[in-house]
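Top line first, the protein sequences correspond to chains W and Z. 445 is the number that the working numbering gives to position 391 of the first sequence; each next residue is one higher, with no gaps. 180 is the number that the working numbering gives to position 126 of the second sequence; each next residue is one higher, with no gaps.
Protein chains: 2
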Amino acid sequence: MSHRIGIVDMGSGTARLVVYDFEPGQWFRLTDEIRESVRLGEGFAATGELSKAATERALDAIKLYADYAKATDLGKLTVIATSAVREAANSQDFLDKLEDFNLEFRVLSGEEEAQYGTLAVANSFQVSNAWVMDLGGGSAQISRLENRLFLRGQAFPLGYVRLTEQFLHGHRTSESEVKNLEKFVLRQLEPTLARMKKDAAPLIAMGGTIRNLARAVQKLEDYPLDALHGYELKREALENLIERLLELPVAERSSISGIHTDRADAILAGALVYRLVLRQTDTKSLIISGQGVREGAFYREFMPRPPHLFPEVRIFSVQNLFAHYPQDIQHTQHVRKLSKKLFDALEPIHGYGAADALLLDAAAYLHDIGMAVSYHDHHKHGAYLVLNTQMPGLTHREQVLLALLVQYHRKGDPKLGSYKRILEPDDELRLVRLSACLRLAEFLERSRSARVQDLRVTIEKERISIHLIADETPRVELWEASKHGDLFKRAFGHDLYLETDELQRGGVQDKRRRTPDGKTKRK
Amino acid sequence: MSHRIGIVDMGSGTARLVVYDFEPGQWFRLTDEIRESVRLGEGFAATGELSKAATERALDAIKLYADYAKATDLGKLTVIATSAVREAANSQDFLDKLEDFNLEFRVLSGEEEAQYGTLAVANSFQVSNAWVMDLGGGSAQISRLENRLFLRGQAFPLGYVRLTEQFLHGHRTSESEVKNLEKFVLRQLEPTLARMKKDAAPLIAMGGTIRNLARAVQKLEDYPLDALHGYELKREALENLIERLLELPVAERSSISGIHTDRADAILAGALVYRLVLRQTDTKSLIISGQGVREGAFYREFMPRPPHLFPEVRIFSVQNLFAHYPQDIQHTQHVRKLSKKLFDALEPIHGYGAADALLLDAAAYLHDIGMAVSYHDHHKHGAYLVLNTQMPGLTHREQVLLALLVQYHRKGDPKLGSYKRILEPDDELRLVRLSACLRLAEFLERSRSARVQDLRVTIEKERISIHLIADETPRVELWEASKHGDLFKRAFGHDLYLETDELQRGGVQDKRRRTPDGKTKRK
Numbered sequence: 055m056s057h058r059i060g061i062v063d064m065g066s067g068t069a070r071l072v073v074y075d076f077e078p079g080q081w082f083r084l085t086d087e088i089r090e091s092v093r094l095g096e097g098f099a100a101t102g103e104l105s106k107a108a109t110e111r112a113l114d115a116i117k118l119y120a121d122y123a124k125a126t127d128l129g130k131l132t133v134i135a136t137s138a139v140r141e142a143a144n145s146q147d148f149l150d151k152l153e154d155f156n157l158e159f160r161v162l163s164g165e166e167e168a169q170y171g172t173l174a175v176a177n178s179f180q181v182s183n184a185w186v187m188d189l190g191g192g193s194a195q196i197s198r199l200e201n202r203l204f205l206r207g208q209a210f211p212l213g214y215v216r217l218t219e220q221f222l223h224g225h226r227t228s229e230s231e232v233k234n235l236e237k238f239v240l241r242q243l244e245p246t247l248a249r250m251k252k253d254a255a256p257l258i259a260m261g262g263t264i265r266n267l268a269r270a271v272q273k274l275e276d277y278p279l280d281a282l283h284g285y286e287l288k289r290e291a292l293e294n295l296i297e298r299l300l301e302l303p304v305a306e307r308s309s310i311s312g313i314h315t316d317r318a319d320a321i322l323a324g325a326l327v328y329r330l331v332l333r334q335t336d337t338k339s340l341i342i343s344g345q346g347v348r349e350g351a352f353y354r355e356f357m358p359r360p361p362h363l364f365p366e367v368r369i370f371s372v373q374n375l376f377a378h379y380p381q382d383i384q385h386t387q388h389v390r391k392l393s394k395k396l397f398d399a400l401e402p403i404h405g406y407g408a409a410d411a412l413l414l415d416a417a418a419y420l421h422d423i424g425m426a427v428s429y430h431d432h433h434k435h436g437a438y439l440v441l442n443t444q445m446p447g448l449t450h451r452e453q454v455l456l457a458l459l460v461q462y463h464r465k466g467d468p469k470l471g472s473y474k475r476i477l478e479p480d481d482e483l484r485l486v487r488l489s490a491c492l493r494l495a496e497f498l499e500r501s502r503s504a505r506v507q508d509l510r511v512t513i514e515k516e517r518i519s520i521h522l523i524a525d526e527t528p529r530v531e532l533w534e535a536s537k538h539g540d541l542f543k544r545a546f547g548h549d550l551y552l553e554t555d556e557l558q559r560g561g562v563q564d565k566r567r568r569t570p571d572g573k574t575k576r577k
Numbered sequence: 055m056s057h058r059i060g061i062v063d064m065g066s067g068t069a070r071l072v073v074y075d076f077e078p079g080q081w082f083r084l085t086d087e088i089r090e091s092v093r094l095g096e097g098f099a100a101t102g103e104l105s106k107a108a109t110e111r112a113l114d115a116i117k118l119y120a121d122y123a124k125a126t127d128l129g130k131l132t133v134i135a136t137s138a139v140r141e142a143a144n145s146q147d148f149l150d151k152l153e154d155f156n157l158e159f160r161v162l163s164g165e166e167e168a169q170y171g172t173l174a175v176a177n178s179f180q181v182s183n184a185w186v187m188d189l190g191g192g193s194a195q196i197s198r199l200e201n202r203l204f205l206r207g208q209a210f211p212l213g214y215v216r217l218t219e220q221f222l223h224g225h226r227t228s229e230s231e232v233k234n235l236e237k238f239v240l241r242q243l244e245p246t247l248a249r250m251k252k253d254a255a256p257l258i259a260m261g262g263t264i265r266n267l268a269r270a271v272q273k274l275e276d277y278p279l280d281a282l283h284g285y286e287l288k289r290e291a292l293e294n295l296i297e298r299l300l301e302l303p304v305a306e307r308s309s310i311s312g313i314h315t316d317r318a319d320a321i322l323a324g325a326l327v328y329r330l331v332l333r334q335t336d337t338k339s340l341i342i343s344g345q346g347v348r349e350g351a352f353y354r355e356f357m358p359r360p361p362h363l364f365p366e367v368r369i370f371s372v373q374n375l376f377a378h379y380p381q382d383i384q385h386t387q388h389v390r391k392l393s394k395k396l397f398d399a400l401e402p403i404h405g406y407g408a409a410d411a412l413l414l415d416a417a418a419y420l421h422d423i424g425m426a427v428s429y430h431d432h433h434k435h436g437a438y439l440v441l442n443t444q445m446p447g448l449t450h451r452e453q454v455l456l457a458l459l460v461q462y463h464r465k466g467d468p469k470l471g472s473y474k475r476i477l478e479p480d481d482e483l484r485l486v487r488l489s490a491c492l493r494l495a496e497f498l499e500r501s502r503s504a505r506v507q508d509l510r511v512t513i514e515k516e517r518i519s520i521h522l523i524a525d526e527t528p529r530v531e532l533w534e535a536s537k538h539g540d541l542f543k544r545a546f547g548h549d550l551y552l553e554t555d556e557l558q559r560g561g562v563q564d565k566r567r568r569t570p571d572g573k574t575k576r577k
């Protein structure tokens, strides 16, 4: 049964409604989103209270979301409030006003906020241990993920709205303003930074500020992939971007490509916090998480049993994507089986390990999803779909390789193209070899009927013989597979030789025009 | 009920199986395709017979297709044979050998072949009258379409395999070879060419030769759209391409980007025929049809009642695409209704006619199809889907405008971008205006519940008031729609003013931060 819920993340800077369709534990899909720049925390730094104007903006947004929920028959609407609401002296007034609306309102403690963000990381990265940092409008959380579980975490009063109001007042930002801000941040974070340095682990960062900074760096670098989740932001790039921000008056900062207009005046504060953390812990880069508190809140609904974790992030990603573009499952499973057989049997030649096996299997799983677009060029459409979706658990390199494997599963000459710079030197050969396995499996299953039930591979001196196990001669499969001997030879250095029981004495070689009816040369 | 059939087009050059899923008269989808370069007509020019080798290649391909049909449980497999089989003295031997296979074998007469191709044109172009030319391996058909019906048509022995064998023997092509070929073609076509010149109508050309020539010209021109159907191939471009082909030895012709390897040695013959037709009829260009005899054969099944015509080609295209990516139909219909209301009411300002109304309606119909890819960036995915599919009945300009309307239906600043060169000078303004109508309709239907039942537009001196008819205050709609006042103003030169019954005395203006709860200034 499919469910539909809405979650509002009422931050100190922006409020955002996200709507999910899902089947618990099976698949989910984001189906709508409304973002409002509410700035609930505006003025808080000076007074410790929610201002009248800010409260009204927040109430307007809530009314809007409640109205949306009603008009669209949303099953459930949960509003999650963080720093500003939990800290303001007068937040009870605000909460009282919310009672008119039929919604679940949850004010998260600092630790809970940290916990939700960490859950999002645990379910969207292939990591067991990490430091997780979430910098919002009101507060910043730093948490420790260990064995995929939240170990500890804490909220600090270091949100970008708050810090901007406290420290950065001028039309331009002066050196002394930066110094004062940094001094304050350092005082707050000192013990935590010491722990981070001692107990090193990848730093994963979330929230609109770091996403926006990363986007600006990607634009500058002309990054070949349109994806933030999993992007590695180098400290050096961040340092350079901050220099550029500092050179400009506040009002002109949005002229930097990628910086959102409604973030431009407050983005520097957050950037300075990140720079300080990276400098103090002597860390060269951080990884962007496109998921955060909202997704954490969602995962608690989607995987209702604590600790709310997917068994395996990458596998879930692949299955979830397949569920969006469902294809013939028998054919899909059979291509997975045959490609795995080939990969395993050819291990003595390629020597690849578990990570490559998984990549090939993911490609076999997803090779036909482009059929959801159209039959013509479905290999290209499939690659487009893989590239244009978040693939939690995969690095950008893996996502690109997966897309390329899908792209070359049936035709074309496998090439890295414009993605080369985010791939590794031996990935071209890897792509050719994995493509050869996948393509052979695909064409040995050309009629989509699993009639090539199984295969046995023999690596001989000059050729690789593949014996097909089938009840009848799989004519289409022999014919079509034999057309791709060139790719196979390029991949494994041997001629491809296909044979069936019926053709024991003969065989089909990798000649395009040779036909599969026994009229081939004798052994 | 969904059907699944296969059609094999057994030409003199290539044999191709296409598989369609369809619901008669409702929707169809190409789901598989196997192409073999069989060259059944090879040697025919010299002997008037099917050669032994050619017959074997054709039989092998048929066996392959029959095997595919069996393995995939294809409901029906029809083989259509044309010129070579109908003319060869020994084709009965070939036909006898086919009796073992469970398939329908149809040898088309020259007129039938012409008729099938013409039907494909009538169902894939928005034209009533045209000359239709189909040049294959064995023969070339020229037909006259009148009032969307086949008036007359004839097959000529001018296929590219045949002409190449008859006239072009050298490693390089000499001037005298070209002259002799042209003389022969002219003798065959003279009366037809005279009729074409007298009774002028657009020339629509089909078949692999012209498609491949057009592809090469597109590559050369860096054409911004990856689509052949509907492409206008200029005579000048064809003349230049022929010059380049003539400069090269036959073996090197596939080095021209876009020319297929297995066509390179025979493509010149066809190109020369087209050049001659264009020259003799004094025609500046022809239009490529990506559809031909196969599609004609399919339409006879899909629309079983003669004359097998779709009532309206463009509308069928849009509906067929929607059927591939079905979205919430109530919401879709309501956006269509509201955008039409806006378009009609604003006619005094924009002055656009029926073609633009149809374009806007198509965009309203398809605006959400990108949701089939993902919610995030679904406007971009929708544009991708529109651009990457054949849209019969639309010109390339119309297809691009449709894609851009889908792309800008919810955000972004409407721009023509790289497509400018295939659009008209006033299309930028057209895009802005139609986008403004569509976007306003979309946001007045933001909660997808049709609660803004209707609207009344009043064009005032400085502003355009839109009165929304709704049972309750459509808060989300007012809020979200009012954010797009800038685009509206850019499109129509007036401020956008939204009002509801409840807000009779007030209104919502196009200020981002203004809230829709009556706190706006009085009239």
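In this text, a Cβ means the ideal position worked out from N, Cα and C, and glycines have one as well. It should be emphasised that the depicted structure is a prediction, and the values quoted were computed from it without experimental measurement.
Would the beta-carbon of residue i fall within 8 Å of that of residue j?
i	j	result
Leu497 of chain W	Glu553 of chain W	The amino acid occupying residue 497 of chain W in the given sequence is Phe; Leu does not appear at that position. Result no, Cβ atoms of Phe497 of chain W and Glu553 of chain W do not sit closer than 8 Å.
His433 of chain Z	His385 of chain Z	no
Val372 of chain W	Tyr419 of chain W	yes
Arg289 of chain W	Ser339 of chain W	yes
Gly207 of chain Z	Leu189 of chain Z	no
Val92 of chain Z	Ala123 of chain Z	no
Alpha carbon to alpha carbon, how far is residue i from residue j?
i	j	result
Gln169 of chain W	Pro468 of chain Z	41 Å
Glu103 of chain Z	Ser137 of chain Z	12 Å
Leu292 of chain W	Leu243 of chain W	20 Å
Val186 of chain W	Ser197 of chain W	5 Å
Ala174 of chain Z	Tyr353 of chain Z	7 Å
Leu222 of chain W	Phe98 of chain W	15 Å
Glu514 of chain Z	Ala417 of chain Z	28 Å
Ser230 of chain W	Val139 of chain W	31 Å
Glu236 of chain Z	Thr337 of chain Z	17 Å
Asp422 of chain Z	Leu492 of chain Z	12 Å
Gly164 of chain Z	Asp63 of chain Z	14 Å
Thr263 of chain W	Ala69 of chain W	14 Å
Glu158 of chain W	Gln80 of chain W	25 Å
Ala125 of chain W	Ser501 of chain Z	6 Å
Gly561 of chain Z	Gly547 of chain Z	Only weak support is given to the placement of Gly561 of chain Z: the predicted model assigns it a pLDDT of 44, under 50, and the value that follows is read from those uncertain coordinates. Gly561 of chain Z and Gly547 of chain Z: Cα-Cα distance of roughly 19 Å.
Would residue i be called buried (16 or more neighbouring beta carbons within 10 Å of its own) or exposed?
i	result
His388 of chain Z	buried
His50 of chain Z	The structure shown does not extend to residue 50 of chain Z, since chain Z spans only 55 to 577, so no value can be given for it.
Ala457 of chain Z	buried
Leu205 of chain W	exposed
Asn266 of chain W	buried
Ala184 of chain W	buried
Skipping 5 residues on each side, what residues in its chain have a beta carbon closer than 6 Å to that of residue i?
i	result
Ala399 of chain W	Val511
Ala135 of chain W	Met64, Val161
Leaving out five residues before and five after residue i in sequence, what residues of the same chain have Cβ atoms less than 7 Å from its Cβ?
i	result
Ala545 of chain W	Val486, Arg487, Ala490
In chain order, what residues of the same chain have a beta carbon less than 8 Å from the beta carbon of residue i, not counting five sequence neighbours either side?
i	result
Arg307 of chain W	Leu299, Ile313, Ala318, Asp319, Ile321, Leu322
Phe155 of chain W	Ile116, Lys117, Ala120
With a floor of 4 residues, list each alpha helix (DSSP H) that falls wholly inside the stretch 221–261 of chain Z, ordered by position along the chain. Correct list: 229–252.
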